[in-house]
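Comments concern the structure below.
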Amino acid sequence: MSLRLRRSDEPRHAAGTRGESRHFPAEILALVTSSGPWSPAVMAAFALAKPWDSHVTGCFIDPALRTLRGLDAEPSVLSLLLELPRDTQGEAEAFATLARRCGVEGATWICAQTGLARSMHQLGAWHDLIVLERDTGNDDGGFELLGEALLGCRKPCFVLPPRWDKELAFERVLLAWNGSLEAVRAMHAALPFLAMSREVVLLDGAAAVLEDEGTIMPNFHPLEHLARHGIAATRRRIHATAHEAGDALLHEAKRMNADLLVMGAYGRSRLRERILGGATRRVLGQATLPVLMQH
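Next up, the structure:
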């Protein structure tokens, strides 16, 4: 897997150059589900790291521990008794070898002894971007575990469809905009990707003024914000209910043949999304392209 840039190998926007941008992810965390063969998250993380000269941390979470719930979750006594020690030294060497083969000099290998949500919460404290597969935390609760992890880490998460084996390219990027703080954070996190794009579309489903528990948000102009970072975007307005928003995003992504979808995660509460449905759950369940999400 490689990161495909324009033929000139130069980003479209000046904000994307290493010397001028402060926004590139210097520390990338890849959540590893398999080391033989290496899982898609590993290959994607290396592809992302190469143009930015980023450091990649590969974190393997044992399947017996992966579905532990809560940020304070500890491994159960039974799981510790059942699981055999892993060949961490051999995996670390293989990971470093693969990194060099992919053109990445900085690579660290760790094995987490806790669940997905807690691992992302702790390691996210110093990483700038987390790369994972959508089915990393598959459990009986559907996307409850993954949702918990996305909420708890408070970091941009680059979520891959299951069994992703395509090249990563960011020629066409779709930004989901609903006026929420989550959407603002996701847009800001996406600046390095937008800097490599040829086409950026802002799909706008926001009201002019948002009210959240009686507090009026400051007026934020997404196109002006992007322009300050050298990003030219086209606005397309949609009229969709919260229940319809996920399908609208997926439809537009397919229509424009987007390489990446950027959206805020859980702009509504996770409980409301679970009961009423919502864009985050719909996109997590159905997206066939990489999605950059942030709560």
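With the first letter of the sequence shown counted as 1, position 38 gets the number 37 in numbering that gives the first Met the number 0; the numbers rise by one all the way through.
Glycine residues also receive a C-beta, built at the ideal position from the N, C-alpha and C atoms.
For residue j and residue i, believed in contact at Cβ under 8 Å, the rounded distance
| i | j | result |
| --- | --- | --- |
| L260 | V290 | 5 Å |
| A264 | Q293 | 6 Å |
| V158 | L28 | V158 to L28, Cβ: 13 Å. No contact. |
| H113 | L64 | A small correction: the amino acid at residue 113 is Thr; His does not occupy that position in the sequence shown. T113 to L64, Cβ: 6 Å. Contact. |
| A363 | P160 | A question about residue 363 goes unanswered here, because the residues of the chain that appear run from 0 up to 294. |
| E132 | A40 | 5 Å |
| E147 | A185 | Not quite, the Cβ-Cβ distance comes to about 18 Å (not below 8 Å), so this is no contact. |
| S34 | E92 | Not really, about 11 Å apart at Cβ, beyond 8 Å. |
| G123 | K165 | Contact flag wrong, Cβ pair sits at about 26 Å. |
Run of the beta strand (DSSP E) containing residue i, from where it starts to where it stops
| i | result |
| --- | --- |
| H54 | 54-60 |
| Q348 | With the chain covering 0 to 294 only, the question about residue 348 has no answer from this structure. |
| A111 | 106-111 |
| S163 | The identity of residue 163 in the sequence shown is Trp, whereas the question assumes Ser. Per DSSP, W163 belongs to no beta strand (DSSP E) and is neither H nor E. |
Residues near residue i in its chain [Cβ-Cβ closer than 7 Å; skip 5 each side]
| i | result |
| --- | --- |
| R234 | L201, D203, L222 |
| F94 | G57, A106, W108 |
| A257 | R171, V172, L173, L288 |
| W125 | E26 |
Neighbourhood of residue i by C-beta distance below 8 Å, restricted to the same chain and skipping five residues each side
| i | result |
| --- | --- |
| E198 | E170, R171, V172, T233, M255 |
| E104 | D52, A98 |
| F219 | G178, V183 |
| G102 | F45, K49 |
Nonlocal neighbours in the same chain, by C-beta distance under 6 Å from residue i, ignoring five residues either side
| i | result |
| --- | --- |
| F59 | V31, C110 |
| R236 | D203 |
| H54 | E26, G105 |
| R281 | G245 |
| F23 | W51, P191 |
Bridge partner(s) assigned by DSSP for residue i
| i | result |
| --- | --- |
| L201 | L174, R234 |
| S34 | W37 |
| A29 | G57, V130 |
Residue range of the alpha helix (DSSP H) that includes residue i
| i | result |
| --- | --- |
| L97 | 87-100 |
(request) Could you tell me which uninterrupted alpha helix (DSSP H) segments, each at least 4 residues in length, are contained entirely in the segment 218-266, listed from first to last along the chain? (result) The qualifying runs are 221-227, 241-254.
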